[in-house]
Structures are given as C-alpha cells and as structure tokens.
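Engineer: Here you go, one structure.
Set out below in structure tokens:
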C-alpha cells in the first residue's frame, strides 16, 4: 500500500466524520431526537417538554463540545457513576502516554500506570464511603447448596446460616428455575403493549390493524381478543408458579445484618467440601442475570472448559476473513488470484480504495459480529450478573482483537503458521521485528477507519437514529413506556480503545507516523464520550471501576510487546549488545506489574475490614436502617415471580412490570 | 554403560545394604546406642534404664521389621502425627501406582490420586476435630503495621484491633529484634554447659581442661572463672533488653478469643492499603523461626525476587558437576580428555566401577550440599516458621532435582543447550523421546545408589552414630541435657522419594526394567521409614499433612512428562496418528489436576467455617478455657526475651532455658 492509498482512506474518513459531526449538531437540536441523543435529559425533563421551533435548531453548532468539556470530573461522577469516570480517564491517560512516552518511555508509562492505579483505587474506596446503603453490600450468593434430605433447599440454607452465623444472618431467597414463566411474561408484556397502543389510537387504526394481522379471520373487536389472550397467559403464569414452588435451584441469595457479616461469610470457606456452599459477592438486584443460572460447581466448571475451547476455536477460525483482508492489501496477489479484476484495479482510485479503505472496513464489519458472541460465551460461563458478563466479554474481546487484528495481520500467515511461531519462543522477537514495521501503514488506515469513523458514528448514533426514525414512521409516535435509557456498551468499547493504545505503544518508536492519528483519535474520543456520558448513556449498574485492571494489564502487555520487538530489531540490525541490554526491560516491567497486582488488585476485589466496619458503624445509629433491612429481605426476588396484572391495569400509564423492575 | 557395569553397581549396593542392615540390627540392641536408634523410646524410658548384657544383643535379628510392620495407621498417627502418616502413605501409594499402572495407567493413576487427595483431606479435617486447643489456632501474625505517629507499635496494634474486632480481640505480642540477645544467650548456654560438665567431673579433669584451654595463662579455678563470665553475659543480656524496649518490629502476633475470630481477621483484608496489616496464619509457638524476621511487605517482596534469581543461578551453575558426572558414563570421552587414565580404565572392574557406580555416587555427594542451601534460601524469603521454610525448600529441591538430575542427565548438554531446548517447545517431545530412553541404565544405577543406599544408611544413621561414638570417646558419657529427639528432615527426604516416583512413571513404558528396582526401593522405604518414625523421629511441629499437594503436583508432572515422551516416541516411530491421539491425554490430565486443585486445595490452606464454629462451640462450655486464654496471651514470647538465670542455677539438673522453650 502506498501513500496515496493511505491518503484516500484518510480523506474518506475525514469526510464521513465531518458529515456525522454536522448532522449530529443539527439533529440533536430537534426535540424528536432527544431520546436518541440525550435520553438522560429526556428522563429528567419528561414533564416540561416544549416544542418551539426556531432557526437556530437547523444550524450546525459546536456548542455541545463546550458543554461536554465544562463539567468537572466530580460532576461527571455524580451524573454517570465511577465506571464512566474510569472510562473517561482512559482517554486522558493515554493522551499522557503519547505526550511523555516520546521522552522517557517505559519508566514514565509505569510511573503513570502506578499513579493511575493508585488514584483509581483511592477513588474506589472514596466511592464506597460515599455510597448509599445498597442491598448487594449486605448480600452474598451461595451456590452448590448440598441436596437436602427431607427438607427443601430453603430450609437447608436457613438451618446452615442460623447455625454458623447466628448473630449476622438476616434472610435468604432461594433461586428458582423461571425461564418458562419469564417467556410467558414476555408474551404478556408484548400483548399488553399492543393493547395499550390500540386503545390510545383511534378506531380507524384499530380496523386497519385488524385487517393487517388476520386477513382472512372473522372480524372481532381486536382489543377484546387481546385482553382475553392476556388473561389466558396470566392464568398460565399463576399455574406455572404454583406448580413451580418445588423447582428450587441449589442457589440462594443470603442477606446479612451488616456489611462485615456478609464479608465474613464471603471470604471464609463455609462447608468442608469446597465445591459446596460456594459463596460469591451478590450483584446489584437489577444487575442479576436470571436466564442462565447454572448453579452447581461441576456444571459451571464444565461449561467454563467448553467456553474456553469454543473461544479458542472461534479465535482461530476467525483468521479466515482476516487472511482475505490481508490479500486485499497485496494487490498483486489479488490480481493473480482473480485475473478478471485486473482492468478495474488498474484504475488508480479503485486500486487505492481497495488497498486503503476496503480491508479495514471489511475487518470492521466482521468484528462487529464478535462482541455479541463473546457476551454469549461469557453468559454460558455461569456469571450471575450483567456486569460480570460484560467484564469477562471485555477481556475475551480484547485478546481476540489482539490476536486476530494485530498478530494475524502482522504475521499474515495461516493459522498453523501463527501457532508455529508461538511454539518457538526464541524466534518471536526476530519474526516480529521483521513483520511489525511492515504493517505500519495498514494500522494507520485501521486507526482512521475503525477509530475515527467509529467515534463519529458513536456520536451520530446511526443505528438508534434509524430505529427511532422507522418507529416514528410506522407507529406514528414514540412509545414512552417502551423507552429505556441505553447502557454504555463497555464490553465492545473498552477493547477497541485499548487496542489502539496497544498499537500506539507498540508502534511508538517503529512508526511514529501513527502517533498523530492516534492523538486525534484520543482527543476526539475524550470529548465525544464525555458528551455521550452526559447526554446519552445512563449507568444501569455500577462495578466501582472494576474495569481498570484490564486497562492496566493491556498496557503492560503492550509495553512488553514493544520491548520484544525492540529486542528483535536490535538483533536484526546486528546490535547484540543493545539487544541484550533491552532484555532486563520486559523483566523489570513484569516485576513492576507483579508489584502493582499485589499493591492494588485486592482493593478491586473486595473492600477491607476498615471500610466495612466504618460504614457499618455509620448505619448503627441510623433510624432508617430497620426499614432498609426489611426491604432487603425481598430485594432479590426474581422479576418473573413478582406480581403481574396486565388484564386489569391495561389502561394505566406505566406497566406494573416496569415498576417492579425499578424496585 | 553395559550390563556388567550395572551389575557391579547393584552388587556393591546390595553388599552395603546388607552390611548396614546387619550392623543396624546388632547395634540397635546395644543400650549405648539408644539415643541414635530409638530416641523416642529413650525419652520415655529415661528413668527405667537398664544395662544388662546378653548374647542376643550381638546377633543380627530381623525383629525390628516385625515391630515396624505391626502398628496400624491410627497408632502411627497417635505416635508420630499426621505428617508422618502422610509421608508413609506416599510409599503405599506408589507402590500401588507401579502395580496398577502396568494395566490401566493414567486413568488409574488419576483415580488413585483423587482417592488419596480425598482421603488425606478428610484425615486433615478429622485431625482438626480431634486436635487439642492450641495457641496457633487462635492467633494470626500481622505484618506491615503502619508506622505509628507518637505511640508505639504495640499501641497501634491494640487500637486497631479494639476498633475493628472489639468482640473477638484478646491480646497481642509485638515482635522485637533480638538477634543480639539471642547470640549472647547462646554464649551463656555454652558456658553454662561447660560449667555443668566441669562441676560434675572430678578435679583431675578440671585441671586437664584448664591446661587445654589456656596453656600459658596463670592458674585459676576454672569453675569460678566461668561463673564470673556467665554473670557478665547475663548483665549484658539485661542491659540489651532494657535498651531494646524501643526496638519494636512492625509485626505482631495477635490472639483472639475464638478460632473463628482469628479466621475472620485472617481472611479479610484489614487495612485499605493491602501491603499494610498483612495477616497470616500464626505457626505453632515452638515452630516460629525468630532469627530472620523480615517484617515489611517491600522487604519481603524484594528478598523473594532475590531468592528466585539466586535459585535460578544455582540451578544453572549446578550443571557443571552434573556434566562432569555425565562424562564418566561415557568412558571413551573421558579417555580422550585424560589419556593417562587409559591404562587404569582398561581394567574391566575399574571401568565398570567408574561408569556404573562412581557417577551416581558423585552426584549423590554433590546433592547432599543442596538441601541446606535451599533451607537458607527459603528462610531468606521471610517465612516465619520452620515448617513453612521446610515446605518451601522441599518444593525448591524437588524442581532442582528434576532439572539437574533428570533433564541435565537426559539431555546431557551445556546449560545453554538445555535452555535452548526449552525455548522451542515444539521440539521438546522429539528431543526427549530420543534422549530419555538412552539414559535408562543410568537411572537404574541411580535408583540403586541413591535410593537403596540412602535408605539403608537412613536406617543405619551413619552420621549420628559417628557423632554419638565420638562424643562418648571424648566426653566420656552422653550429655543428657544436650540431647534432643531429631526431627524428620522432610525437606530433603520428600523430594528424593518423589524424584524416584517421577522416574518410575516416566520410565514406566520406556524401560520397565527400572520398575523392579523401584519396587524394592519402595518396599524397603516403607518398612524402614515406618521403623524410623516409631523409634527415631519425633514431630516437633505439625502441618496437618500440608505436604500432600506437593506429592500430587509432582505426580501430575510426571504423568504429563510421560505423555510428552510418548508423543515424541510415536512421532519418531512414524506413527503420527498415535502421536496426535496422545495429545488430548496431557490436556485431560491437566484438567483433572485443575479440578483436584479446586476440590481439595482449599482444605489444605484453611479450615472452613463449619469446622471452626464446631470446635469453638465445644470450647464454650469448657471450664479450662479461661485458663487457656490467659496462657495464650504469653504463648508467643520470643525465647530470647524469656527470663534466664544461669549463674545461680548452674548446679540444677535442667537449664531454665530449655524449660522455657518447652512452654
């Protein structure tokens, strides 16, 4: 690929970016788009909606940049939670790496990493101190409850905890298998919505809809028909529930009277058999992932192995599209394979397009399929909360990206060749040193396509905009009940940002040309995500910055990768002394990493006694505590087991289900 | 090496073994040797000593075999503790491997491993239930106490635990730096012993000794001189102690009112900074290793890295003697290097001796230097108890042996060559498959020399016998106060036994000729160590079978090693299908190992709530509990800080220091 191809790619993407920015600043001023661009605002100001029209609304304005920049970090924290702040700090921090790394490098990177880790762990403690009483702080999840002889699981749990934690045990909720009920409820919910729409709309629409749904059926009042169906489903739900009372799963949420009490049960092995009474921190009630609740130790363990195998298979099979993409950057090879394209490819622009823009676009499209697969893998592993699933998918996706985008492109060979390279560790530095610099231009193009464009399309929110547009076109109006503020897709965004960081550190001294592109990416990203956090995404659950260790580890990985490439390059350039002198650097970096792991990691895993007891003491004199503990006993109810009543309340404004979820 | 060389080696060692056995069965009947062969008996029957002479005492008899066989496992447990039982079971178990492995192999080995792990973990729990109240069950060690502002460490510890563990905290003992005092006390003890001997002996000896010590000094009553010196030292000790009051170390033993209370403080991170208030299980008071008490997190961490580097350096440097030994087995090479030996080596017997017996003897001698070095390394790492140091040294020694004896001999190349082999994992199977079978005869010789002879010399106790003999010759009588029942040197014995097991599993289908030799070794070992546990060794401290995971891991390692060799051999023999079909075997073995680690490992790390609370409940109604808790407060006193008074009590039978240690 030559410079012109690179420039074509940059040009196309710059154009796209400006288009998106311009459209964004116009569209966001349209009140109809408020659910797309400022759902947070929408939720707050639902009441005081106004629909004036003025000319300003049609002018592109950079005002959102100012508004996204202004709030301080603490304000951001209060609005969007610590996860968002941690995510934002990723941008500042890399920014800093690319400013400083040019001068002092690994030392500075490590120093910054240390400071950041320290800063975020202090923030995490401060966040805990300032947090309100929350059910998950008082609760643990117990899995692998041994099969009871004669009594129910519920009785077994109660006996066990009354026996061994008499002073702190409060209550428990045994988990039940509810997938059937859940699907019935989902059906009911859909029907309920349709019914609601139907009642709100006029009779003409009702007739239209009738014809639309059952062209050859006899004409009945569709609203009555729906209501009858709804009642049937509700009866089914009730029936299922009563028959299901015995279908307990050997897992339970156990609540304690104090945070320290739950920490005691969490940290100390409970039963003699370590695969029974397995304790785990409970997630926030709304964060619980009910559908796939695998409870026994063996089951989870086997699923984990299955997932690891499937993950490896996917990672290796994914090399096929990557190799195809690689073919595109080598035009000459493509021409020999597909001779009929010769004429077309000889046009300069087409050639540049194919080598410069197409490969990274195709890669980008293929990659967009992967995050849902990773989420599926992680949910199979038996994690009990959305946040854990996201975190696990995030790690999976990161290494998937590194392997498939970085190594596969750099080494540009078959899967077997790749695996072979990694089976001979001695050769790795020299192979990488030859291959990595050769792919610099591809990665610059990748930064521009995948980075810049994805950032601007993130701002533009193309897909939600289309959805919203279609809905308004067909349904006629936005369905307010249906509307939910979106959650930041951390699992797909973090690996992308981190991958650029790995590129930046690795190419730092091989092809510094990549740095300005990355710099633009980080600056853009900083301001765009700030804007999105303030206007678009709402935190559904809060992990307290648990994503940070992933960031830390990937930075260390990229540093070591850079060192290995450096060793290889010094070796290739016949500077064995320099090569040998570089060897201690990765060793020292890994030792530094080990130190950080010991120094900070425990804070991200659990809160220490000091914090727990202090928070508990605060509660002791609080009169609202009894009320909270009463609520706590029912906090971990499966939403499928909560009371539903659609048929009677069909004309109420908000559905009981939505209310139940918000408890 | 040819068959005759092997036979020579077997012959020599058989001879040595029979000699040792014969001598043992005669010498053990001599009352004078009771401290060497049955110190346990000696301690018990000190009072009822009798010195009759009869002819039977001079006849070799196999009666000890019967006596070593008779006691059941439970009796052995009651006499020598669980560690001894675990050690004994190693012998039965391998025995079993070699019986069964011939038929069903890996599956059976894994099944047996699982059963053994299960059995031992159940034993461990049962041991805990049946154990008496012991101070270390109620105590934790806290290191990294943050520097106090204004107050002492002792005050800081008290404040912290009263604040955060008000209901369970009992007392604490801050550790002090006492190496100076300890050396003074040692001096005093030596003097005290001399004085005791002097007083007990007649005046002629007193005169002799005087001349012996200071040939040109003026003649004084040596007893008075010693007593004065002793008083000086005692004054010094008192002075040091008073000046040392401030020299506290930021570490303390903290005792709690219940076992569960100490478990809570142990398992939950205490301070916000994970490198402060680092908690750790306290060892038994007499197991504490006082001299090298490194207290801060950073210091221990740096020492650990230093030890790792030193360990690697030693392991690699040790290849030099190994290579020399290797040279001996290749006579032709030796002859080219040292041509003047040609004449000597051409004698068949000398040649056989050099190739058959000498190499493993030299190796054996070199190896005997290593255990003390490993103990030194482990003590540098900052472990606080003798048992932890032993366990760590045991692991170090095992991998040292595997690397230096197995790999270095098998691959018989320079250190660099060895490292190179392991940097190309793809080649490992084929390289091993070529080299491992070639060295079978060397390892058979090694089993015979190192295994058989070390077992019989273990029974014969050559070194202690010589010591005892010399002492009697020069001092005239055994010094009873000086006498201590020896402790089983697990750290050097376990790696040796395990190494033979690794050899057995690895050579199982390459050179089954090694199996009968190993079988003899295990049968011998079983009966000899049973004898030694019953008669010689006393358990000084008890880890509750914590050595077992090392045994388990090394068996898994040897299985995987065998699989790799098998893969290589099938590859060499052009059976790629068989080779590929073997690949899942090590993977499955490792998965099995992972399962065992999850299923059993936690039991070896800590006792679960269920056990702790049950034991605590038992104590609640026990009237002796208050008395125990009072004693607990002073259980972890540094022996150097206990009252000593030699000068006055110099004519008493037992020294106050020895009494103090036994508290």
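Residue numbers (the UniProt record's numbering), protein chains in the order written: chain A, 1 to 663; chain B, 1 to 663.
Glycine is no exception: its CB is placed at the ideal position from the N, C-alpha and C atoms.
All values reported here derive from a predicted model rather than from experimental measurement.
1) Do residue 278 (chain B) and residue 382 (chain B) have their beta-carbon atoms positioned less than 8 Å apart in this structure?
2) Taking its Cβ as the centre, do 16 or more other Cβ atoms sit within 10 Å of residue 374 (chain A), making it buried, or is it exposed?
3) Chain A beta carbons: is any one of them nearer than 8 Å to that of residue 144 (chain B)?
4) Can you look up residue 252 (chain B) in the DSSP assignment and give me helix, strand or coil?
5) Have a look at residue 600 (chain B) and residue 485 (chain A) and give me their C-alpha separation to the nearest angstrom.
6) Looking only at its own chain, which residues have a Cβ that is under 8 Å from the Cβ of residue 405 (chain A), when we skip the five neighbours before and after it?
7) Provide the residue(s) that pair with residue 140 (chain A) in DSSP beta bridges, ordered along the chain.
8) Can you find a C-beta in chain A that's less than 8 Å from the C-beta of residue 312 (chain B)?
9) Go through its chain and collect everything with a Cβ distance to residue 102 (chain B)'s Cβ below 6 Å, but skip five positions before and after it.
10) Look at the Cβ atom of residue 178 (chain B), then the Cβ atom of residue 253 (chain B), and state whether they are nearer than 8 Å.
11) At a CB distance below 9 Å, what residues from the segment 372–401 of chain A approach chain B? Give them in sequence order.
12) Does any residue of chain B bring its CB to less than 8 Å from the CB of residue 271 (chain A)?
13) Closer than 8 Å, CB to CB, is residue 188 (chain A) near chain B or not?
14) Helix, strand or coil for residue 176 (chain B), going by three-state DSSP, please let me know.
15) List the residues of chain B that residue 177 (chain A) touches, going by C-beta distances under 7 Å, in chain order.
16) Please classify residue 510 (chain B): does DSSP put it in a helix, a strand, or coil?
17) Who are residue 385 (chain A)'s beta bridge partners in DSSP?
18) Distance, Cα to Cα, residue 45 (chain B) vs residue 537 (chain B)?
19) For the segment 449–469 of chain A against the segment 431–440 of chain A, are there 3 or more C-beta pairs whose distance is under 8 Å?
20) Using the rule of at least 16 other Cβ atoms within 10 Å of the residue's Cβ for burial, across every protein chain shown, is residue 622 (chain B) buried or exposed?
21) Taking residue 301 (chain B) as the query, report the chain C residues whose CB atoms sit under 8 Å from its CB, ordered along the chain.
22) Count the other C-beta atoms from every protein chain shown that fall within 10 angstroms of the C-beta of residue 388 (chain B), then say buried if there are 16 or more, exposed otherwise.
23) Got a sec? Which residues, its chain only, sit under 7 Å from residue 315 (chain A) by beta carbon, not counting five neighbours each side?
24) Using alpha carbons as the reference points, say which of B:515, B:191, B:616 and B:452 lies closest to residue 224 (chain B).
25) Start and end of the alpha helix (DSSP H) containing residue 548 (chain A)?
26) Report, in whole angstroms, the separation of the C-beta atoms of residue 128 (chain B) and residue 523 (chain B), which I expect to be a contact under 8 Å.
27) Helix, strand or coil for residue 121 (chain A) per DSSP?
28) For the candidate residues A:527, A:550, A:510 and A:548, whose alpha-carbon lies nearest to that of residue 570 (chain A)?
29) Show which residues of chain A have a CB atom less than 7 Å away from the CB atom of residue 251 (chain B).
30) Using only the alpha-carbon positions, how far apart do residue 168 (chain B) and residue 158 (chain B) sit?
31) Using a beta-carbon distance below 8 Å, is residue 471 (chain B) in contact with chain A?
32) Applying the criterion that 16 or more other CB atoms from any shown protein chain within 10 Å of the CB defines a buried residue, is residue 320 (chain B) buried or exposed?
33) Of all the options B:125, B:567 and B:496, which has the alpha carbon lying nearest to the alpha carbon of residue 397 (chain B)?
34) Looking only at its chain, what residues have a beta carbon closer than 7 Å to the beta carbon of residue 439 (chain B), apart from the 5 residues adjacent to it on each side?
35) Quick check: what's the CA-CA separation for residue 443 (chain B) versus residue 426 (chain A)?
Structural biologist: In short:
1) No, Cβ-Cβ distance for residue 382 (chain B) and residue 278 (chain B) is not below 8 Å.
2) Sixteen is the threshold: when 16 or more other Cβ atoms of the shown chains lie within 10 Å of the Cβ of residue 374 (chain A), as they do, the residue is buried.
3) Answer no: the Cβ-Cβ gap between residue 144 (chain B) and chain A never drops below 8 Å.
4) Secondary structure at residue 252 (chain B): strand, using DSSP grouped into helix, strand and coil.
5) Rounded to the nearest angstrom, the gap between the Cα atoms of residue 600 (chain B) and residue 485 (chain A) is 46 Å.
6) The residues are 322, 363, 367, 446 and 499.
7) In the DSSP output, where bridge partners are listed per residue, residue 140 (chain A) has A:254 and A:281.
8) No, residue 312 (chain B) does not count as interfacial toward chain A.
9) In this predicted model, residue 102 (chain B) has a pLDDT of only 42, less than 50, meaning its place in the structure is not dependable; the value taken from the coordinates is given anyway. Excluding sequence neighbours, residue 102 (chain B) sits near nothing in its chain.
10) Contact: no.
11) So the list is empty, because no residue satisfies the distance condition.
12) Judged by the 8 Å Cβ criterion, residue 271 (chain A) is in contact with chain B.
13) Residue 188 (chain A) does not count as touching chain B.
14) Secondary structure at residue 176 (chain B): strand, using DSSP grouped into helix, strand and coil.
15) Ordered by position in chain B, no residue passes the 7 Å Cβ test against residue 177 (chain A), which lies about 25 Å from the chain.
16) In the structure shown, the three-state DSSP call for residue 510 (chain B) is coil.
17) In the DSSP output, where bridge partners are listed per residue, residue 385 (chain A) has A:288.
18) Only weak support is given to the placement of residue 45 (chain B): the predicted model assigns it a pLDDT of 49, under 50, and the question is left unresolved by the model.
19) Under the Cβ criterion (8 Å, minimum of three pairs), the segment 449–469 of chain A does not count as touching the segment 431–440 of chain A.
20) Here residue 622 (chain B) is exposed. Its C-beta has fewer than 16 other C-beta atoms within 10 Å.
21) Included in the structure are the protein chains A and B, with no chain C among them.
22) So residue 388 (chain B) counts as buried.
23) Take residue 315 (chain A), set aside five residues on each side of it, and the residues of its chain with a beta-carbon closer than 7 Å to its own are 400, 403 and 404, in chain order.
24) Scanning B:515, B:191, B:616 and B:452 for the CA closest to the CA of residue 224 (chain B) turns up B:191.
25) Start and end: 548–572.
26) Wrong, their Cβ atoms sit about 32 Å apart, outside the cutoff.
27) It is helical.
28) Selected option, being the one with the closest Cα: A:510.
29) Ordered by position in chain A, no residue passes the 7 Å Cβ test against residue 251 (chain B), which lies about 18 Å from the chain.
30) Straight through space, the alpha carbons of residue 158 (chain B) and residue 168 (chain B) are spaced by roughly 12 Å.
31) Cβ-Cβ to chain A under 8 Å: no for residue 471 (chain B).
32) Classification for residue 320 (chain B): exposed.
33) The option with the nearest alpha carbon to residue 397 (chain B) is B:496.
34) Cβ neighbours of residue 439 (chain B) beyond the five flanking positions: 409 and 410.
35) Cα-Cα distance, rounded: 31 Å.
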